[in-house]
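I have placed the structure first, in the form of structure tokens, so that the comments after it can refer back to it.
There are 2 protein chains.
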Amino acid sequence: MERLLEIRDGLLRGVGRLPSEHRAVEGAEGRVLAEAALARRAAPPYACSAMDGYAVRAVEAAAGGNLPVGQRVFAGDHPRPLGPGQAARIFTGGELPEGANAVIQEELAEERDGRVAFRRAVREGENVRHAGEDVLAGGLALPAGATLGPRQLALLAAVGVEAVEVVRRPRVVILSTGDEVVGGRTPDSNGVALAGLCRAAGAEVERIAAPDRLEAVAAAIEAAAARADLVLTIGGVSVGERDLVPAALRALGADTLVHGVPMKPGKPFLFAVLDGARVAGLPGSPSACLVAFEVFARPVLLTLAGAARPLRATLRLRLAEPVAGRPGRARLIWAALDEDGRARPLGRDAAQIRGPALADLLVLVPASAGDLGEGAEVGTWLLDGR
Amino acid sequence: MERLLEIRDGLLRGVGRLPSEHRAVEGAEGRVLAEAALARRAAPPYACSAMDGYAVRAVEAAAGGNLPVGQRVFAGDHPRPLGPGQAARIFTGGELPEGANAVIQEELAEERDGRVAFRRAVREGENVRHAGEDVLAGGLALPAGATLGPRQLALLAAVGVEAVEVVRRPRVVILSTGDEVVGGRTPDSNGVALAGLCRAAGAEVERIAAPDRLEAVAAAIEAAAARADLVLTIGGVSVGERDLVPAALRALGADTLVHGVPMKPGKPFLFAVLDGARVAGLPGSPSACLVAFEVFARPVLLTLAGAARPLRATLRLRLAEPVAGRPGRARLIWAALDEDGRARPLGRDAAQIRGPALADLLVLVPASAGDLGEGAEVGTWLLDGR
């Protein structure tokens, strides 16, 4: 396995999910289930018709059989039991009358003068949706770790779940470092991106900033760690003399698990634990910052949030253009998904700022890959918004 | 091209984007640009170093050259011009001093007693990021049709864009029909799903309901069309006697462009225009409802919203299990993306409600495909939330 991803997986093994809390389903959009949600009612709630047609006893409705139509059953109706030798007109979703055990679709039936004839026989159970066929009452609706998006909330509504145990939302403090940011000479665009990305991943976000002084950076990290589950620092994480984040963490007695990873961009990435909070040190160059977020910080955040699958799905796509390898380091490349479903790399530079904004994908070129030609297959992560 | 997608594309050709409005970037998250956003400042804003190292005049810094270090330049500093025969210590992102035209990385330099020696010569421009290298002042930051997610907002911040022309948010009214929904016998799970999906696509959403009476359905559609850009009706769209949506649209004099499409599930889908509003009639079975939304209604909504790419990206993946074709109709199948990057179909029934909630993908089996074996390649749409 790619060394970079082994490092990531090693960090994730040390991260657990946050405590849970009880919440009404209404208002739980975007939250992650801490426990499996069990159906309070079956779906479908009663045996019903899968077709517009006629509900019958299968044995009574041989081909050509001619039965009186005793009632009409629409979705939502409460039907009467089916009398012996009778049929019931029934529409999709209509509850199957007691006694009926099959539905003959209307295309195979002819109704005239209150009686219906069938062009062929029907098997027991045909065109019937049984109670609980999708979900049994008390059965599994959604597993722990599921994120409650619109389709998941709809399922919970359908099976009568009104409250769920969800994971507490992670608290993230984003600490932008650097005189150029504090002084306003450089807009804090990384802070804007990270705040939105963390919120999209379900976090509560606070943004702070510190100038290039060791005590200021240390004080900011300490304060952030005291109230955050995850602190994201931006800038000052390399080995230069103004790279104060590593020094501040040392001064605070933090446990630095990783400093420097075999990837480009984003090599200086740092990960530490301080007073139970995780601290992810992201580089200040926009592309490197967002690459390090995608590779490390977002999976950590989603693991804290309890998501069953904290990693983006990996898709194997072909490159639309050659890319140069970087022996010994994995390369992460922002790319667009072109019309032919291929990955077209965008831009070339760690500090490149349009790449992340135009990208559909992040391409991972393995450390061992060397140069890759057009058409080479690569692992890619599809980003949100496509 | 697949007939189903031809029908979709034909409908989309009749849909234009909504009017635009001027908005501060702050607060424009999720909106779509109606016009290209042009950079108010260059990125990078000035020539700067791509490395930690020494800024020099390339001609003065031959290999072994030994120059006095006149200043230290960090990101955010305003450097003094570079004196003749001098070097400046410079850190990543630091502004290049006037007169310097290259940076020698620190690994190739040795500084001692205020002077620096270099192990090799440097080419003009080496390790320098030029002003406007990513984006020129006045140049294109983001094109019209871009959706403003976190990475896009970061780019706008980086290039000084504070206000943008965005498309007005589409107004959607979701009309749930049927006595079983109005009477509360069946939870309106489709309404829950569609409301969330429409909001995620950028719309303002209102939900209403109407019982199974023609006048009630017609009055609800008319009222909805008067205040919506897109009306989504749920249920009652087939050809049965309680399928009142088509009849109500006829009674209202709507222009029905499509009723019935070659797909399973979702065959009864209807699309009409009434008083300038679009009306998409979705089936009531949960799976069919959400398939019809994905195939037709979501692209219509994103076209109204001005998105450059209203369609989900199509990925070609292999099937993890065989699927039965349905000659003459495209099949849409909810599927999970498995560990090997293959599409694993979920469930089998149009009314199946767990499928949409557990799916990562929607698989399109072409009408012409016949049965497909394990490993067959199919077009898929990756859904949100993966």
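If you read the sequences in order, they're chains B and C. Reading the first sequence from the start, the letters are residues -5 to 380 in this note's numbering. Reading the second sequence from the start, the letters are residues -5 to 380 in this note's numbering. Each residue gets a CB set at the ideal place from its N, CA and C atoms; glycine is no exception.
query: Out of curiosity, what's the CA-to-CA distance linking Glu120 of chain B and Val97 of chain B?
result: Take the alpha-carbon of Glu120 of chain B and the one of Val97 of chain B: they are about 6 Å apart.
query = How would you list, in chain order, the residues of chain B whose beta-carbon sits under 7 Å from the beta-carbon of Ile84 of chain C?
reply = Simply none; closest approach about 10 Å.
| message | Since Leu376 of chain C and Asp354 of chain C should fall inside the 8 Å C-beta cutoff, what is the C-beta to C-beta distance between them, to a whole number of angstroms? | response | The pair is a contact, with the Cβ atoms about 7 Å apart (cut-off 8 Å).
Alpha carbon of Phe290 of chain C to alpha carbon of His72 of chain C, nearest angstrom: So the two alpha carbons sit approximately 55 Å from each other.
When you compare the CB of Ala148 of chain C with every CB in chain B, is at least one pair closer than 8 Å? Judged by the 8 Å Cβ criterion, Ala148 of chain C is in contact with chain B.
Q. Leaving out five residues before and five after Ala324 of chain B in sequence, what residues of the same chain have Cβ atoms less than 7 Å from its Cβ?
A. Closer than 7 Å at the Cβ level, and outside the excluded window around Ala324 of chain B, lie Glu(-4), Leu(-2), Pro256, Met257, Leu358, Val359, Pro360 and Ala361.
My output table needs one value for Pro339 of chain C: the three-state DSSP class, helix, strand or coil.
Strand, per DSSP.
Exercise for the section: For Leu27 of chain B, return the contacting residues in chain C, with the cut-off set at a CB-CB distance below 9 Å. Expected result: By Cβ distance, chain C contributes nothing, its closest Cβ being about 11 Å from Leu27 of chain B, past 9 Å.
8 Å Cβ cutoff met for Arg102 of chain C and Arg114 of chain C: Before going further, note that residue 102 of chain C is Leu rather than Arg in the sequence given. Taking 8 Å as the cut-off, the Cβ atoms of Leu102 of chain C and Arg114 of chain C count as close.
Thinking C-alpha only, which one of B:Ala222, B:Ala140 and B:Gly278 is nearest Ala187 of chain B? Across the set B:Ala222, B:Ala140 and B:Gly278, the C-alpha of B:Gly278 shows the shortest separation from the C-alpha of Ala187 of chain B.
- prompt: For the putative contact between Ser14 of chain B and Glu159 of chain B, defined by C-beta atoms under 8 Å, what is the C-beta separation to the nearest angstrom?
  reply: Between the beta-carbon of Ser14 of chain B and that of Glu159 of chain B there is about 5 Å, and that keeps the pair under the 8 Å contact cut.
Exercise. Keeping to the same chain, check which residues put their C-beta closer than 8 Å to that of Leu6 of chain B; ignore five residues upstream and five downstream.
Key: Here the set comprises Pro293, Val294, Thr297 and Pro304.
Is Val161 of chain B close to chain C? Criterion is C-beta to C-beta, closer than 8 Å. Judged by the 8 Å Cβ criterion, Val161 of chain B is not in contact with chain C.
How many whole angstroms separate the CB atoms of Leu238 of chain B and Val252 of chain B, which I take to be in contact at a CB cut-off of 8 Å?
-> A Cβ-Cβ distance of about 18 Å is found for the pair Leu238 of chain B and Val252 of chain B, leaving them out of contact under the 8 Å criterion.
Candidates B:Gly4, B:Ile1, B:Gly10 and B:Asp3, of which the one nearest Ala301 of chain B by Cα = Looking from the CA of Ala301 of chain B, the closest CA among B:Gly4, B:Ile1, B:Gly10 and B:Asp3 belongs to B:Gly10.
query: Any beta-carbon of chain C closer than 8 Å to the one on Arg310 of chain B?
result: By this cut-off, Arg310 of chain B is an interface position.
Q.
By the 9 Å beta-carbon criterion, what residues does the region 169 to 185 of chain B contribute toward chain C?
A. Those would be Gly172, Asp173, Glu174, Val175, Val176, Gly177, Arg179, Thr180, Pro181, Asp182, Ser183, Asn184 and Gly185, in chain order.
- prompt: Between which two residues does the beta strand (DSSP E) carrying Arg310 of chain B extend?
  reply: Its beta strand (DSSP E) spans residues Thr308 to Arg312.
| query | Residue ranges of each beta strand (DSSP E) run of no fewer than 3 residues wholly in the region 188 to 231 of chain C, ordered along the chain? | reply | Listed in chain order, the complete beta strand (DSSP E) runs (minimum 3 residues) inside the region 188 to 231 of chain C are 198 to 204 and 224 to 228.
(Q) Taking the straight line between their C-alpha atoms, what separation do you get for Arg51 of chain B and Leu276 of chain C? (A) Computed Cα separation, rounded: 32 Å.
Using a cut-off of 8 Å between C-beta atoms, extract the partners of Gln346 of chain B located in chain C.
Those within 8 Å of Gln346 of chain B in chain C are Asp128.
Review point. Quick one: what does DSSP say Glu174 of chain B is sitting in, helix, strand or coil?
Key: DSSP places Glu174 of chain B in helix when its eight states are reduced to three.
Would you call the region 171 to 187 of chain C in contact with the region 142 to 160 of chain C, where contact means no fewer than 3 C-beta pairs closer than 8 Å? Verdict: no, contact absent.
Three-state secondary structure assigned by DSSP to Pro91 of chain C: In this structure, Pro91 of chain C counts as coil in the three-state DSSP scheme.
*Outcome for Gly21 of chain C when other beta-carbon atoms lying within 10 angstroms are tallied against a minimum of 16*: Gly21 of chain C should be labelled exposed.
Using a Cβ cut-off of 8 Å (strictly closer), state whether Glu23 of chain C contacts chain B.
-> Taking a beta-carbon distance threshold of 8 Å, Glu23 of chain C counts as an interface residue toward chain B.
Next item on the list: Determine whether the Cβ of Asp389 of chain C lies closer than 8 Å to any Cβ atom of chain B.
Entry: Missing from the structure shown is residue 389 of chain C; chain C here goes from -5 to 380 and no further.
Within chain C, partners of Arg145 of chain B - CB distance below 7 Å | What Arg145 of chain B touches in chain C: Ala187, Leu284, Pro350 and Ala351.
Using a threshold of 8 Å, state whether the C-beta atoms of Ala219 of chain C and Ala271 of chain C are closer than that.
-> If you check the CB distance, Ala219 of chain C and Ala271 of chain C come in under 8 Å.
- Is there a Cβ from chain E that is less than 8 Å from the Cβ of Asp354 of chain C? The question asks about chain E, but that chain is absent: this structure's protein chains are B and C.
Looking only at its own chain, which residues have a Cβ that is under 7 Å from the Cβ of Arg236 of chain C, when we skip the five neighbours before and after it?
-> Hits under 7 Å: Asp206 and Gly230.
Q. Which residues in the same chain as Ala344 of chain C place their Cβ atom closer than 6 Å to its Cβ, once the five residues preceding and following it in sequence are excluded?
A. Because the pLDDT at Ala344 of chain C is just 45, under 50, the model does not fix this residue reliably, and the value given afterwards should be weighed accordingly. Cβ neighbours of Ala344 of chain C within its own chain (closer than 6 Å, five residues either side excluded): Pro259, Ser279, Ser281 and Ala282.
Among all the DSSP beta bridges, which residues are the ones paired with Leu355 of chain C? For Leu355 of chain C, which the question treats as bridged, DSSP gives the partners C:Ala329 and C:Leu376.
Legend entry - Residue-level contact to chain C via CB, Phe68 of chain B, 8 Å cutoff: Interface with chain C (8 Å Cβ-Cβ cutoff): Phe68 of chain B is included.
- Query: Looking only at DSSP bridge pairs, what is Pro62 of chain C linked to?
  - Reply: As a beta-bridge residue in DSSP terms, Pro62 of chain C pairs with C:Arg109.
Quiz prompt | Per DSSP, cross-strand counterpart(s) of Tyr48 of chain C | solution = Beta-bridge partners assigned by DSSP to Tyr48 of chain C: C:Arg83 and C:Ile98.
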